[in-house]
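So the structure is just underneath, and the comments pick up after that.
Protein chains: 2
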Amino acid sequence: MPVPKHSRMSDVARRAGVSASTVSRVLRGAPGVAPAVRARVERAAAELSYAVARDASSLVTGATGRVAAIVPFLHPWFFGVALSGLVRRLRTVGLDTLVYEAGTTGELAGFIGELPLRRNVDAVVALALSPDPESVRRLESLGLPVVFCSRTVPGRSSVCVDDRGAAADATRYLLNLGHVRIAYLQSRDDTGFSWSSQDRVSGYLDAMERAGTHPQVVTTGPGSGGGWRATAELLASDPVPTALFAESDDVAMGALGVLRRCRVPVPGAMSVIGFDNQDMAEVMDLTTVAQPVTELGEEAGRMVAALLAGEEAGRQVRLATRLVVRHSAAAPLDTTHRPTRTHQPIAKEPHEP
Amino acid sequence: MPVPKHSRMSDVARRAGVSASTVSRVLRGAPGVAPAVRARVERAAAELSYAVARDASSLVTGATGRVAAIVPFLHPWFFGVALSGLVRRLRTVGLDTLVYEAGTTGELAGFIGELPLRRNVDAVVALALSPDPESVRRLESLGLPVVFCSRTVPGRSSVCVDDRGAAADATRYLLNLGHVRIAYLQSRDDTGFSWSSQDRVSGYLDAMERAGTHPQVVTTGPGSGGGWRATAELLASDPVPTALFAESDDVAMGALGVLRRCRVPVPGAMSVIGFDNQDMAEVMDLTTVAQPVTELGEEAGRMVAALLAGEEAGRQVRLATRLVVRHSAAAPLDTTHRPTRTHQPIAKEPHEP
DNA sequence: CTGTTAGCGCCTTCAG
DNA sequence: CTGAAGGCGCTAACAG
């Protein structure tokens, strides 16, 4: 059953007793139409349930009124929340959002190869896109304004948090609590796609190095399953870390899961810190780094609108994170391995040691 | 900075030494083009990085190549997962997905009032749309093919699980374990929007009634926070239930959270069952009703494609659920309130009692 | 302030 | 099997 024939602009024009141009002007909110005429046209349009065929407008204006959001995956917590901010924000400026899943470099390549975006959207928002130069180059080859969200690319418009600084802060929090053996849990999937910013590990490594302690980065699968397996392995290692810094709350939750199963008291025998502060973190009493994910999406939307309005590109917006202290991390009970405390907690930016 | 001018079909035609019509035929995969010519055109198109301007095609074919997915919210687990299936499936048939957030009846009304969809998409998928007649009518007023996902609407194309049956089964599982005081935890937000199918409660009520036990439905806020608060209140009530059936895993997780905080042993003093089987459920050892959410989205995509291909509408697809037994539910320890067991577990479809 | 005149880029007849 | 002509519905100039 084909879609019923809708009325066109000329139908509205006839009904309002004006020309199509005038209808166009009214519906576009263009100035220079007598209020009375405007009202008449609006009524006619409403009576006919008329809606502008944007495709026809696009043809002449060159703008589609659509932006593409490219995400690596749709199921992790992060993307739903970020998209929510993005979609709502774009809607307020009359832009629609097309969603595409294409996270890995390979998928992205195939995707870009098809060029389904070119000529079909006005801009693209790349969420948590793997920032390898290849992917970035491909994206830009589309010749469209691009906003990177949750990843920084030098010289490109982007909005993100200070992953490095936030991770360093969280690590320092653990160090100052007296922990020495702090493991970092990192996710990767089969394709090699890393599930969160590499800056996060870097921050961890920075802080560990500055403190003169030995880092231990464990790479595992994505999500809570990954956290579970990595932690299970760590529990069987020797020496066992006294604290875990998980790349995301999902991973942290998996860690919490095994720890409970193995009856390892948290934070007694093991401290755990996550990253995200999703709802579940509160309920699980997880100490975590909160990042404003909805706002990340909103800001990306705002940047898209600005770019489309002709404002300068290449702006980098950075949103604040904040360590949410709950009860999954505390001083280690076993102090035998604790270094001599100087009674001077490690400062954020120490002078040369 | 305006988008650089792209090449048009005539450019490709010139370069391939053919007419635009031929290029069109090739790019559309239409039959009746000599293989040699076809190859020549394809090469020319590739060399120019040419991409068809769909808007122009739409203008003449009447099809946009886009479908709208309307979701109430984007952040809950369910929607990311369902959208993932939908988006990927639609992509395989060359359709793009526009995402809109408009869940409540009010929002939907405003949204439909604007008619941003009419003439701009070929079909719409309504995910977990509140199935009140008003919303449904509005949606249909668009005059577009509609597929309902995760909600049933009589006489309309839809794909969902048997919420009622699944909930009844889960409830029966609890009853057969020996529980009598089983509370159902239901979510609602300020707008009155219910976060999951009403059929779920109905199934619970059915099973309880059949067993001759007294139901107790607790309505709370959405997500884990809602589960937390509802459970906290229940713990303060008298008599305290011995089992909780949560509308979703999110809610269940909140329940698990307070229970742990209050040192109520699970499943010793309190059994908990969820609905969804998201990753976290495994890690938290939550017994839950698994529903195939990605498949729900995929099937919706398939149905859209079928409708667009002119196949009959109004088909109702129902996907299977399955109770995943883990360790958050067990027989109640305190047997003083346990009814005399007949040694005949409650059957699925009992004859008239 | 309003109407007229040209296309926007593509697809679909219809000839050849 | 291929090309030429016409028009899809709208907007942007220009007249008036």
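Chains A and B, in that order, give the protein sequences. Using the UniProt record's numbering, you'd call the opening residue of the first sequence number 1 and step up by one each time. Using the UniProt record's numbering, you'd call the opening residue of the second sequence number 1 and step up by one each time. All C-beta atoms, glycine included, are put in the ideal place defined by N, C-alpha and C.
Which one of A:Asp190, A:Val317, A:Tyr204, A:Ser196 has the shortest CA to CA distance from Tyr173 of chain A? Numbered from 1 along the first sequence, position 173 holds the residue referred to as residue 173 of chain A. Nearest of A:Asp190, A:Val317, A:Tyr204, A:Ser196 to Tyr173 of chain A, Cα basis: A:Tyr204.
Cβ-based contacts, 8 Å cut-off: residues of the segment 72 to 92 of chain A near chain B: Residues Phe73, Leu74, His75, Pro76, Trp77, Phe79, Gly80, Val81, Leu83, Ser84, Val87, Arg88, Arg91.
Neighbour-count burial assignment, Glu134 of chain A, 16 or more Cβ in a 10 Å radius: Counted from its first residue, the first sequence places residue 134 of chain A at position 134. Answer is exposed; the Cβ neighbour count stays below 16.
Which word fits His351 of chain A, buried or exposed, when buried means at least 16 other C-beta atoms lie within 10 angstroms of its C-beta? As a first step, residue 351 of chain A must be located in the first sequence, where it is residue number 351. Confidence at His351 of chain A is low in this model, with a pLDDT of 36, below 50, so the placement of that residue should be treated as unreliable; the coordinate-derived value is given next. Here His351 of chain A is exposed: its Cβ has fewer than 16 other Cβ atoms, across all protein chains shown, within 10 Å.
In angstroms with no decimal places, state the Cα-to-Cα distance between Phe193 of chain A and Leu142 of chain A. If you number the first sequence from 1, residue 193 of chain A lands on position 193. If you number the first sequence from 1, residue 142 of chain A lands on position 142. About 22 Å.
Beta-bridge pairing of Phe275 of chain A - partner residues as DSSP gives them: Looking up residue 275 of chain A in the first sequence gives position 275. Phe275 of chain A pairs with A:Val289.
Who are the near neighbours of Gly159 of chain B in its chain, counting only those whose CB is closer than 8 Å to its CB and skipping five residues on each side? Walking along the second sequence from the start, residue 159 of chain B turns up at place 159. It should be noted that the sequence gives Val, not Gly, for residue 159 of chain B. Excluding sequence neighbours, Val159 of chain B sits near Val147, Phe148, Cys149, Ser150, Leu296, Glu299, Ala300, Met303, Gln316, Val317, Arg318, Leu319.
Is there at least one Cβ from chain A nearer than 8 Å to Glu209 of chain B's Cβ? Your numbering for residue 209 of chain B matches position 209 in the second sequence. For Glu209 of chain B, the answer is no, since every Cβ of chain A falls outside 8 Å of its Cβ.
Out of curiosity, what's the CA-to-CA distance linking Gly17 of chain B and Arg28 of chain B? Numbered from 1 along the second sequence, position 17 holds the residue referred to as residue 17 of chain B. Numbered from 1 along the second sequence, position 28 holds the residue referred to as residue 28 of chain B. Answer to the nearest angstrom: the Cα atoms are 18 Å apart.
List in chain order: all unbroken alpha helix (DSSP H) runs of 4+ residues lying wholly within the UniProt domain "HTH lacI-type" (7 to 61) of chain A. Segments of the alpha helix (DSSP H) lying fully in the UniProt domain "HTH lacI-type" (7 to 61) of chain A: 9 to 16, 20 to 28, 35 to 47, 54 to 61.
Show which residues of chain A have a CB atom less than 7 Å away from the CB atom of Trp228 of chain B. As a position in the second sequence, residue 228 of chain B is number 228, starting the count at 1. Chain A residues near Trp228 of chain B: Val283.
I'd like to check one pair, Leu48 of chain B with Arg15 of chain B: are the Cβ atoms closer than 8 Å? Position 15 of the second sequence, counted from the first residue, corresponds to residue 15 of chain B. Position 48 of the second sequence, counted from the first residue, corresponds to residue 48 of chain B. For the 8 Å CB-CB criterion, Arg15 of chain B and Leu48 of chain B form a contact.
Around the C-beta of Thr191 of chain B, are 16 or more other C-beta atoms found within 10 angstroms, so that it is buried, or is it exposed? Within the second sequence, residue 191 of chain B is the residue found at index 191, counting from 1. Exposed, since its Cβ has fewer than 16 Cβ neighbours within 10 Å.
Length of the line joining the Cα atoms of Leu175 of chain B and Asp162 of chain A: Taking the first residue of the second sequence as 1, we reach residue 175 of chain B at position 175. Taking the first residue of the first sequence as 1, we reach residue 162 of chain A at position 162. Approximately 51 Å between the Cα atoms of the pair.
Cβ of Thr64 of chain B less than 8 Å from any chain A Cβ? Residue mapping note: residue 64 of chain B aligns to position 64 of the second sequence, counting from 1. It does: the Cβ of Thr64 of chain B has a partner Cβ on chain A nearer than 8 Å.
Is there a Cβ of chain B sitting closer than 8 Å to that of Ala13 of chain A, yes or no? As a first step, residue 13 of chain A must be located in the first sequence, where it is residue number 13. Cβ-Cβ to chain B under 8 Å: no for Ala13 of chain A.
Tell me, please, whether the segment 92 to 104 of chain A touches the segment 96 to 109 of chain B by the rule of three or more beta-carbon pairs shorter than 8 Å. Enough Cβ pairs lie closer than 8 Å, so yes.
Have a look at Arg138 of chain A and Pro145 of chain A and give me their C-alpha separation to the nearest angstrom. Translated into positions along the first sequence, residue 138 of chain A becomes position 138. Translated into positions along the first sequence, residue 145 of chain A becomes position 145. Going from the Cα of Arg138 of chain A to the Cα of Pro145 of chain A covers about 13 Å.
Would Ser328 of chain B and Ser271 of chain B qualify as a contact pair, given that the criterion is a beta-carbon distance under 8 Å? In the second sequence, the residue the question calls residue 328 of chain B occupies position 328. In the second sequence, the residue the question calls residue 271 of chain B occupies position 271. Less than 8 Å separates the beta-carbon of Ser328 of chain B from that of Ser271 of chain B.
Helix, strand or coil: which one does DSSP assign to Leu333 of chain B? Looking up residue 333 of chain B in the second sequence gives position 333. In this structure, Leu333 of chain B counts as coil in the three-state DSSP scheme.
Just to confirm the assignment, what range does the beta strand (DSSP E) spanning Ala243 of chain A have? Taking the first residue of the first sequence as position 1, residue 243 of chain A is located at position 243. Start and end: 243 to 246.
Any beta carbon of chain B sitting closer than 8 Å to that of His214 of chain A? In the first sequence, residue 214 of chain A corresponds to position 214, counting from 1. No, its Cβ sits nowhere closer than 8 Å to a Cβ of chain B.
Return no unless some Cβ of chain A is closer than 8 Å to the Cβ of Leu259 of chain B. If you number the second sequence from 1, residue 259 of chain B lands on position 259. Taking Cβ atoms only, chain A never reaches closer than 8 Å to Leu259 of chain B, which makes this a no.
At least one CB of chain B closer than 8 Å to the CB of Thr220 of chain A: is that the case? Start at 1 with the first residue of the first sequence, and residue 220 of chain A comes out as number 220. No - not a single Cβ of chain B is within 8 Å of the one on Thr220 of chain A.
Would you verify that the beta carbon of Leu108 of chain A is, or is not, closer than 8 Å to some beta carbon of chain B? Here residue 108 of chain A refers to the residue found at position 108 when the first sequence is read from its first residue. No, because no Cβ of chain B sits closer than 8 Å to the Cβ of Leu108 of chain A.
Cβ-Cβ distance between Leu323 of chain A and Ala123 of chain A below 8 Å: As a working mapping, residue 323 of chain A is identified with position 323 in the first sequence. As a working mapping, residue 123 of chain A is identified with position 123 in the first sequence. Cβ distance not < 8 Å, so Leu323 of chain A and Ala123 of chain A don't count as in contact.
Quickly, what does DSSP pair Ala68 of chain A with across the bridge? List them, please. For this step, residue 68 of chain A is matched to residue 68 along the first sequence. Answer is A:Leu98, A:Val124.
Listing by chain order, which chain B residues have their CB less than 9 Å from the CB of Arg138 of chain A? If you number the first sequence from 1, residue 138 of chain A lands on position 138. The contacting residues do not exist; Arg138 of chain A stays about 12 Å from chain B at best.
Put Ser187 of chain A into one of helix, strand or coil per three-state DSSP. The residue given as residue 187 of chain A occupies position 187 in the first sequence. In this structure, Ser187 of chain A counts as strand in the three-state DSSP scheme.
Could you compute how far the alpha carbon of Ser202 of chain B sits from the alpha carbon of Ala166 of chain A? Residue mapping note: residue 202 of chain B aligns to position 202 of the second sequence, counting from 1. Residue mapping note: residue 166 of chain A aligns to position 166 of the first sequence, counting from 1. Each residue's Cα considered, the two are about 47 Å apart.
What residues of chain B sit near Val18 of chain A, judged by a beta carbon separation below 8 Å? Indexing the first sequence from 1 puts residue 18 of chain A at position 18. Those within 8 Å of Val18 of chain A in chain B number zero; the least Cβ separation is about 21 Å.
Just mark Thr220 of chain A as buried or exposed, buried being the case when its beta carbon has 16 or more other beta carbons within 10 Å. Here residue 220 of chain A is taken as the residue at index 220 of the first sequence, counted from 1. By the neighbour-count rule (16 or more Cβ atoms within 10 Å), Thr220 of chain A is buried.
Can you check DSSP and say which residues form a bridge with Ile182 of chain B? Mapped onto the second sequence, residue 182 of chain B falls at position 182. Answer is B:Ala243, bridged to Ile182 of chain B.
Ala281 of chain A and Pro241 of chain A - do their beta-carbons sit closer together than 8 Å? Start at 1 with the first residue of the first sequence, and residue 241 of chain A comes out as number 241. Start at 1 with the first residue of the first sequence, and residue 281 of chain A comes out as number 281. No, these two residues do not count as a Cβ contact at 8 Å.
Cβ-Cβ distance between Val258 of chain B and Leu235 of chain B below 8 Å: By 1-based counting over the second sequence, the position of residue 258 of chain B is 258. By 1-based counting over the second sequence, the position of residue 235 of chain B is 235. Against a cut-off of 8 Å, the Cβ pair of Leu235 of chain B and Val258 of chain B comes out as a contact.
Evaluate Ser10 of chain A with the Cβ neighbour count: other Cβ atoms within 10 Å of its Cβ, from every protein chain shown; 16 or more gives buried, anything less gives exposed. Residue mapping note: residue 10 of chain A aligns to position 10 of the first sequence, counting from 1. Exposed, because fewer than 16 other Cβ atoms sit within 10 Å of the Cβ of Ser10 of chain A.
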